[in-house]
Ligand code: TYD
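Numbering (our numbering), first residue to last: 8 to 219.
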C-alpha cells in the first residue's frame with residue numbers, strides 16, 4: 008500500500024507517525040490514547056469523529072434510535088467520517104511532521120463491520136484504502152481486555168454497545184486475528200489493572216516500536 012504522506016510536506020522534514028488505539032468496548036483506549044499523545048507531544052484525535060462533519064456522522068452511528076441502519080450503510084458512514092478525518096486533520100498533521108494518536112482508526116472497521124457484522128474483509132479493507140488514499144497506521148496498539156471486564160465497565164449503552172455478546176465476541180476475535188496476522192504493525196498490551204500500570208506498558212511497547 009502506498010503512502011502519499013511520506014512524500015509530502017517540507018523537504019527535509021520527517022513525516023509524523025500515525026499511532027492508532029484499537030480494542031473492544033470500554034477497553035480504556037480513550038484514557039490511554041490521551042496519555043500517550045501527551046507523552047509524545049502528538050495530536051490527539053478519534054474516530055468516528057475528529058472533525059465537525061465526522062462528529063455529526065458519529066452521532067448518527069451511535070444513536071440507538073437509529074435502529075434500521077443497514078450494515079453496508081454503517082460501513083460507508085464509517086468510511087465517510089474517516090475520509091474527512093484524514094483529509095482535514097490526519098494527513099496535514101503528518102505532512103507537517105507532527106505525530107498523531109487516534110482513538111480508533113481503519114482496523115475498527117475490519118473488526119466491527121468485517122468480523123462483527125460479517126461484511127467481506129477485503130471489501131471493507133478496500134473501502135478504507137479508498138477513503139484514506141492508502142493511509143494506514145504505522146503502529147496499532149491493541150488494548151487487550153476480556154469481554155467480562157469490558158462489560159463490567161459499561162454504563163448507558165450506545166448502538167454498538169447494545170449489539171449483543173456474540174457480536175462483541177466476534178469483534179474481539181477479529182482484533183486478535185488482525186494483530187496476529189501483522190505483528191510488525193500491531194502491539195498487544197494487557198489493558199487490565201490501574202490506568203498508570205497500563206500507561207507504563209503502552210509506553211514501553213510503543214517507544215520500543217517507534218525507535219526500532
Ligand atoms: P468509541 O468512541 O471508541 O467507543 P468506546 O469508547 O465505547 O469504545 O467508538 C465508537 C463505536 O464505533 C465503537 O462501538 C466502535 C465503533 N466503530 C466501528 O464500528 N467501526 C469503525 O470503523 C470505528 C472507527 C468505530
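The C-beta atom is built at its ideal place from N, Cα and C for all residues, glycine as well.
Close CB contacts of residue 186 within its chain, under the 6 Å cut and outside five residues either way in sequence, are with 149, 193, 195 (chain order). Taking non-hydrogen atoms of the ligand TYD into account, the C-beta of residue 202 is found less than 6 Å away from none of them.
Here residue 190 is exposed: its Cβ has fewer than 16 other Cβ atoms, across all protein chains shown, within 10 Å. For residue 27, the enclosing beta strand (DSSP E) has its first and last residue at 25–29. Take the alpha-carbon of residue 167 and the one of residue 140: they are about 27 Å apart.
Using a C-beta cut-off of 8 Å, the region 36–48 makes contact with the region 103–113, since at least three inter-stretch Cβ pairs fall below that distance.
In the three-state reduction of the DSSP assignment, residue 193 falls in the strand class. In the DSSP annotation of this structure, the continuous segment of the alpha helix (DSSP H) that includes residue 65 starts and ends at 59–69. Pairing residue 21 with residue 104 gives a Cβ-Cβ distance under 7 Å.
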